[in-house]
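Protein chains in written order, with this note's numbering: chain A, 49 to 376; chain B, 49 to 376.
2 protein chains.
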Amino acid sequence: MRLSDAAIAGDRRALAQLLTAVENATPVGEAATRRLYPLAGRAHIVGITGAPGSGKSTLVAALTAEARAAGRSVAVIAVDPSSPITGGAILGDRVRMQVHAGDRDVFIRSMASRGHAGGLAATSVAVATVLDAAGFDLIFVETVGTGQSEVEVAAAADTTIVLEAPEMGDEVQAIKAGLLEVADIVVVNKGDRPGAHRTASQLRAMLVASAPREPADGRPRPKRPTVLITTASTGAGVPELLAALDRARPTESAVEPAPARLARARTQIGAVLQERLAARLGDAVHAARTRDVTDDVANHRLDPYAAADGLLSELFPGAGPDASADDA
Amino acid sequence: MRLSDAAIAGDRRALAQLLTAVENATPVGEAATRRLYPLAGRAHIVGITGAPGSGKSTLVAALTAEARAAGRSVAVIAVDPSSPITGGAILGDRVRMQVHAGDRDVFIRSMASRGHAGGLAATSVAVATVLDAAGFDLIFVETVGTGQSEVEVAAAADTTIVLEAPEMGDEVQAIKAGLLEVADIVVVNKGDRPGAHRTASQLRAMLVASAPREPADGRPRPKRPTVLITTASTGAGVPELLAALDRARPTESAVEPAPARLARARTQIGAVLQERLAARLGDAVHAARTRDVTDDVANHRLDPYAAADGLLSELFPGAGPDASADDA
């Protein structure tokens with residue numbers, strides 16, 4: 049039996065194996081993604097990001113419990129940037145999810161960042177696609193950090209939740225402005241702390257003040273984000289958040305795909321293009337030339353544009369370099 | 049006079065204009081980079097990263113003062129991920145550098161993240177290359193966050209400083225392990241606080257315990273990172289840090305480029321390849337087809353591999369798709 053058939057038939061071990069193949073962009077991962085792709089497109093993919101200490105994992109656990117109580121299946125992708133090179137995983141946070149350990153309609157996946165071309169966002173989209181095909185209703189993509197990559201991961205979802213905690217520090221406040229730009233729903237968590245309502249009011253004021261400008265990625269922002277207050281540790285506000293998520297879910301149209309879906313399609317196509325290029329550059333025919341050209345750029349004997357154009361015309365004979373420009 | 053000639057002749061306004069062109073990957077930026085590329089390769093590029101609150105900006109200001117006192121010119125690239133979409137800049141932090149406002153051998157550049165293909169790391173490398181060609185001896189690349197992209201930016205330097213403050217929180221500790229993997233020098237800042245020496249000892253123990261494994265990017269880690277203590281606000285430990293930086297500077301060889309330089313060359317070539325591909329996909333001949341294919345992937349009528357291979361064979365006729373694999 050194919051891994052992909054077993055995975056969609058409900059074999060969780062096969063699903064986990066398949067996701068590893070997809071994360072590492074192996075040939076098996078590619079073949080399975082291609083086969084499963086037509087089955088995907090039904091899940092609601094929800095990104096959750098926010099500064100360390102805002103309580104993301106606790107909120108994901110509370111949302112999962114709420115969704116399960118309503119009979120919905122849930123997958124959680126925890127994107128962990130803690131180890132950029134070896135790919136670590138913060139397993140401690142996962143402890144809160146152990147209440148769901150015996151429940152086969154909850155699937156938790158910690159994702160490291162290496163392997164897949166196109167970076168974290170492309171890898172998380174690829175993983176979410178397989179979970180979508182495997183039939184999960186709700187897919188939470190939780191990112192640990194607040195860096196550029198982590199924000200991109202959360203923004204690649206259908207709906208993006210940005211989590212804030214009351215009274216965060218100065219540098220975090222500065223980061224907040226950037227986070228808010230990708231938010232569909234802003235949640236002030238730890239709502240039982242003093243200052244939670246004031247933080248929510250401040251956020252609403254910030255959102256009103258900020259011009260509803262068009263994001264650079266072409267994703268329209270049709271309406272101002274909702275601001276909600278939760279206390280994930282007690283569950284207060286969580287049913288309201290789940291209801292808000294359902295309302296925020298983009299309506300599908302066969303003619304005009306939702307902007308978030310178009311953005312994900314671009315991310316995925318771009319990642320494959322990068323993979324294909326990298327594979328050709330490293331294959332038996334071109335590896336030595338690629339190495340020489342890289343050495344020349346490193347030693348400043350050749351500029352990177354000349355290097356790239358030279359490699360492109362060797363990889364794809366007949367495709368000449370683009371016209372050069374001058375800064376005169 | 050060309051912008052690039054004016055920039056290397058010492059015209060700071062021309063330099064700033066040129067850097068904007070390079071950041072936005074305009075034709076002028078490309079032409080200038082190509083012209084200046086042979087002049088670059090002499091600066092020591094130093095990445096500085098660390099959690100919010102560890103005092104990066106203060107340390108950069110202190111290192112700048114120390115280097116200036118020794119007659120060396122300094123450029124600072126402050127990579128600001130606070131706004132992933134509109135590209136903001138934390139200007140408050142720059143106030144500490146105002147002591148150098150009248151000094152033309154100090155150049156400060158806040159860099160937003162958009163524009164350039166290949167992401168933050170590629171853009172910061174491109175900006176550093178121009179500053180290198182313009183003759184700055186020391187180039188500090190300071191990143192504000194601790195996400196994947198920010199770590200990649202700092203790791204793209206010749207020498208990477210990871211900054212820690214005494215007694216940071218739990219989630220930050222978890223992030224630390226990942227940061228340490230890219231460090232050449234680990235600095236415990238705020239050395240006048242209780243716990244600074246204990247934090248330094250803990251870090252040394254962590255570094256001894258962690259196996260010196262080969263990083264995935266092929267960059268060797270020949271020796272364990274040094275751990276130093278500074279108090280950037282008073283300048284204590286800063287001369288020792290500058291001396292350690294000088295010792296860490298990779299020795300150049302015309303035959304075998306330093307690993308950090310090879311990594312930067314790969315980053316730059318990869319960014320240009322992505323730009324070239326994106327330009328072709330969006331040009332008058334291919335834009336409509338690219339849009340249709342993206343729609344099909346968004347609607348799950350076509351998988352991203354088939355889409356990418358189809359686009360590649362249209363862009364570069366004669367280059368067929370790679371052989372397919374199966375997950376049987």
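Backbone N, C-alpha and C define an ideal beta-carbon position, used for all residues, glycine too. Quantities reported herein were computed from a predicted structural model and do not represent experimental measurements.
Expected contact under 8 Å - CB spacing of residue i and residue j to nearest Å
{"i": "Asp232/B", "j": "Thr208/B", "result": "5 Å"}
{"i": "Arg337/B", "j": "Glu362/B", "result": "6 Å"}
{"i": "Val122/A", "j": "Val192/A", "result": "19 Å between Cβ atoms; not a contact."}
{"i": "Ala170/A", "j": "Ala327/A", "result": "Rounded, the Cβ-Cβ distance is 15 Å, inconsistent with contact."}
{"i": "Ile96/A", "j": "Ser172/A", "result": "Actually they do not touch by this definition, with Cβ atoms about 12 Å apart."}
{"i": "Val178/A", "j": "Val189/A", "result": "So it is not a contact: roughly 13 Å between Cβ atoms."}
{"i": "Gly330/B", "j": "Ala213/B", "result": "45 Å between Cβ atoms; not a contact."}
{"i": "Leu87/B", "j": "Ala203/B", "result": "Not confirmed; about 25 Å, so no contact."}
{"i": "Leu255/A", "j": "Val236/A", "result": "Going by Cβ atoms, the distance from Leu255/A to Val236/A rounds to 12 Å, so no, they are not a contact pair."}
{"i": "Ile93/B", "j": "Asp206/B", "result": "5 Å"}
Cutoff 8 Å: residue i Cβ touching any chain B Cβ
{"i": "Gln322/A", "result": "yes"}
{"i": "Ala62/A", "result": "no"}
{"i": "Ala335/A", "result": "no"}
{"i": "Thr68/A", "result": "no"}
{"i": "Leu310/A", "result": "yes"}
{"i": "Asn347/A", "result": "yes"}
{"i": "Glu198/A", "result": "yes"}
{"i": "Pro298/A", "result": "no"}
{"i": "Glu78/A", "result": "yes"}
{"i": "Ser179/A", "result": "Before going further, note that residue 179/A is Leu rather than Ser in the sequence given. No, because no Cβ of chain B sits closer than 8 Å to the Cβ of Leu179/A."}
{"i": "Phe155/A", "result": "no"}
{"i": "Pro214/A", "result": "no"}
{"i": "Leu325/A", "result": "yes"}
{"i": "Leu360/A", "result": "yes"}
{"i": "Pro86/A", "result": "yes"}
Neighbour flag for residue i against chain A, beta carbons, 8 Å
{"i": "Thr342/B", "result": "yes"}
{"i": "Ile125/B", "result": "no"}
{"i": "Pro352/B", "result": "yes"}
{"i": "Ile317/B", "result": "yes"}
{"i": "Thr171/B", "result": "no"}
{"i": "Thr81/B", "result": "yes"}
{"i": "Gly89/B", "result": "yes"}
{"i": "Phe184/B", "result": "no"}
{"i": "Phe188/B", "result": "no"}
{"i": "Leu255/B", "result": "no"}
{"i": "Pro273/B", "result": "no"}
{"i": "Ala356/B", "result": "yes"}
{"i": "Leu251/B", "result": "no"}
{"i": "Leu107/B", "result": "no"}
{"i": "Leu211/B", "result": "no"}
{"i": "Ala57/B", "result": "no"}
{"i": "Leu168/B", "result": "yes"}
{"i": "Pro287/B", "result": "no"}
{"i": "Pro242/B", "result": "no"}
Paired residues, beta bridge with residue i - DSSP
{"i": "Leu228/B", "result": "In DSSP, Leu228/B forms no bridge with anything."}
{"i": "Leu211/B", "result": "Gly98/B, Val235/B"}
{"i": "Ile125/A", "result": "Arg157/A, Val189/A"}
{"i": "Ala284/A", "result": "Thr279/A"}
{"i": "Ile93/B", "result": "Ile187/B"}
Residue interval of the beta strand (DSSP E) (run including residue i)
{"i": "Leu276/A", "result": "274–277"}
{"i": "Ser158/B", "result": "154–159"}
Start-to-end residues for the alpha helix (DSSP H) that takes in residue i
{"i": "His245/B", "result": "244–257"}
{"i": "Ala69/B", "result": "60–71"}
{"i": "Tyr353/B", "result": "352–363"}
{"i": "Phe52/A", "result": "Inspection of the sequence shows that residue 52/A is occupied by Ser rather than by Phe. From DSSP, the alpha helix (DSSP H) with Ser52/A extends over 51–56."}
{"i": "Arg297/B", "result": "Looking at the DSSP string, Arg297/B is not in any alpha helix (DSSP H), and its letter there is neither H nor E."}
{"i": "Ala390/B", "result": "Nothing can be reported for residue 390/B: it is not among the residues displayed for chain B, which extend from 49 to 376."}
{"i": "Glu114/A", "result": "104–117"}
{"i": "Glu78/A", "result": "75–84"}
{"i": "Pro307/B", "result": "307–329"}
CB contact below 8 Å: residue i versus chain D
{"i": "Ala313/A", "result": "Looking for chain D here will not work: the only protein chains present are A and B."}
Which residue spans inside the segment 172–207 of chain B form an unbroken alpha helix (DSSP H) run of at least 4? 196–203
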